[in-house]
Amino acid sequence: MDKFHENIQKVRIKLNLSQEVIADKMGIDRTTFNRFETGKTALFSKNMRKFAKVVELSEEEILLGDNPSGYLREGSLEDRMQELSDKIDFLTVQLDRISSAIQKLTGKTGSKKDGD
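Count along the sequence shown from 1, add 1, and you get the number used in our numbering.
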């Protein structure tokens, strides 16, 4: 279960509501809500809006969890996006290095076999 789906479950539990009650208020089947909550099915925007309305929270509060201001205290959304972009760039470089090393090792092993 990812953080987003954990947030859905935390909200429901915090409000002391069953999956059945939430599902009824959303106009969906309990098993459908269970699949949303456990991450087995994507919670599309239509159902996200319904869920937010039922629990009387904004979609942002549900998406960001208990401490939505935590993201903002450390900087703006743009800063957070830049930080994540930098991490992606770093990991891409690392992946390229690992890939090159594997190719070199594979190539050395392959040429050794050719020489036998």
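Don't be surprised by glycine CBs; every beta carbon is placed ideally from N, CA and C.
| Item | Value |
| --- | --- |
| Are the region 52–62 and the region 88–95 in contact at 8 Å, needing three or more beta carbon pairs? | no |
| Over what stretch of residues does the alpha helix (DSSP H) that includes residue 62 continue unbroken? | 60–65 |
| Okay, do the region 46–56 and the region 76–85 touch, 3+ Cβ pairs below 8 Å being the bar? | no |
| Quick check: what's the CA-CA separation for residue 104 versus residue 85? | 28 Å |
| Under a Cβ-count criterion, where at least 16 other Cβ atoms within 10 Å of its own Cβ denotes burial, should residue 45 be classed as buried or exposed? | exposed |
| Give the range of the alpha helix (DSSP H) segment to which residue 57 is assigned. | Residue 57 -> no alpha helix (DSSP H), and no H or E assigned at all. |
| In this structure, how does DSSP classify residue 43 when only helix, strand and coil are distinguished? | coil |
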